[in-house]
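Heads up: the structure comes next, in structure tokens.
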Amino acid sequence: GMTGPLEEWMAAGRFNLAVLYRTADSVGRMTVLAREDLCLVVPSGEPPFEDAISLADLHAFPLAVPMRNNNVRRSVADVVAQHGCALDVKFEVDSLSTIINMVIERKAHSILAPSAVQKEASQGLVRTVKIVDPVITRSVVLAVNPKDERSAVVSAVRKLIPKVARELIESRCWAAIAPEVT
2 GMTGPLEEWM
12 AAGRFNLAVL
22 YRTADSVGRM
32 TVLAREDLCL
42 VVPSGEPPFE
52 DAISLADLHA
62 FPLAVPMRNN
72 NVRRSVADVV
82 AQHGCALDVK
92 FEVDSLSTII
102 NMVIERKAHS
112 ILAPSAVQKE
122 ASQGLVRTVK
132 IVDPVITRSV
142 VLAVNPKDER
152 SAVVSAVRKL
162 IPKVARELIE
172 SRCWAAIAPE
182 VT
């Protein structure tokens with residue numbers, strides 16, 4: 002779903018740990034768990050029928066996208082601006098399930114990570130088309146409340162989460178790219 006409120010709550014000290022979505026270059030001191038390439042989410046049986054679409058060609062599709070304060074939206078807007086492209090944003094929606102339903106109901110397309118529509122894609126309700134030239138990427142990160150960094154329990158969970166993330170990626174349960182092991 003959308004992680005904006007989690008980031009606010011984390012800053013307020015309401016969580017020890019949180020898994021958040023960040024733009025690829027704004028991870029700071031957080032642990033990168035994975036990288037996800039965003040895709041065009043299309044209603045089943047509708048164009049484009051290719052496996053990939055260039056960023057410059059996205060203007061042809063009416064979009065339902067997250068609100069402007071969303072990390073995915075900011076990532077997309079930054080890349081679009083850098084490349085002088087345009088998008089046809091018809092709807093700004095603050096609910097992932099509503100966006101997905103709009104695509105299923107053929108009211109719009111969207112730009113999301115494949116993991117956001119994994120269930121719907123497996124049921125044949127939507128398809129994902131890779132965005133290329135350039136690829137738009139987001140990072141999935143583990144954030145730790147600085148007040149809790151020394152807690153033994155937080156430390157144990159902090160070590161476990163990256164292992165679980167890597168296992169999900171390696172078993173192909175999560176269509177993401179694992180970070181390089183250092």
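Position one of the sequence shown corresponds to residue 2 (the numbering used here), numbered consecutively onward. In this text, a Cβ means the ideal position worked out from N, Cα and C, and glycines have one as well.
Query - Local conformation of Phe16 per DSSP, three classes - result: The three-state reading of DSSP puts Phe16 in coil, since its state is none of H, G, I, E or B.
**Report entry** 7 Å CB neighbourhood of Gly14 in its chain, flanking five on each side removed
**Finding:** Counting only residues of its own chain and dropping the five nearest sequence neighbours on each side, Gly14 has a CB closer than 7 Å to the CB of Asn146, Lys148.
Report task. Tell me the start and end of each unbroken alpha helix (DSSP H) in the stretch 60–95 that is at least 4 residues and wholly inside, in chain order. Result -> Note on the stretch 60–95: whole alpha helix (DSSP H) runs with a minimum of 4 residues are 72–83, in chain order.
Query raised in the report: Nearest to Glu37 by alpha carbon, out of Ser172, Val90, Val142, Ala153?
Result: In this structure, Val142 is the residue among Ser172, Val90, Val142, Ala153 with its C-alpha nearest to the C-alpha of Glu37.
Query raised in the report: Would Glu168 be called buried (16 or more neighbouring beta carbons within 10 Å of its own) or exposed?
Result: Within a 10 Å sphere around the beta-carbon of Glu168 sit fewer than 16 other beta-carbons, which makes this residue exposed.
**Report entry** Top-ranked residue by Cα proximity to Ser45, from Lys108, Ile137, Ile178, Ala177
**Finding:** The shortest C-alpha separation from Ser45 is found at Lys108.
Query raised in the report: In or out: Met184 buried (at least 16 other Cβ within 10 Å) or exposed?
Result: Since the first residue shown for the chain is 2 and the last is 183, residue 184 is missing from the structure and cannot be characterised.
Query raised in the report: Just curious, the beta strand (DSSP E) that Leu113 is in, first and last residue?
Result: Its beta strand (DSSP E) spans residues 111–113.
Query - Burial state of Val77, where buried means 16 or more other Cβ atoms lie within 10 Å - result: Buried: at least 16 other Cβ atoms inside 10 Å.
Query raised in the report: How many angstroms separate the CA atom of Ser156 from the CA atom of Leu59?
Result: When rounded, the distance between both Cα atoms is 43 Å.
Report task. Going by CA-CA distance only, name the one from Ile54, Ala176, Lys160, Arg23 that's closest to Val118. Result -> Checked all of Ile54, Ala176, Lys160, Arg23; the closest Cα to Val118 is Ala176.
Report task. Enumerate in chain order the residues of its own chain whose CB-to-CB distance from Leu88 is below 7 Å, with the five nearest sequence positions on each side excluded. Result -> So the list reads Leu59, His60, Leu64, Val81, once near-sequence residues are dropped.
Requested in this report: Pick helix, strand or coil for Pro49, following the three-state DSSP scheme.
Outcome: If DSSP states are grouped into helix, strand and coil, Pro49 belongs with coil.
**Report entry** Extent of the continuous beta strand (DSSP E) to which Ser98 belongs
**Finding:** Not the beta strand (DSSP E): Ser98 falls in the alpha helix (DSSP H), residues 97–105.
**Report entry** Secondary structure of Ala176, DSSP reduced to three states
**Finding:** Three-state DSSP puts Ala176 in coil, outside helix and strand.
Query raised in the report: Identify the residues that DSSP records as bridge partners of Ala144: which are they?
Result: Beta-bridge pairing links Ala144 to Ala19.
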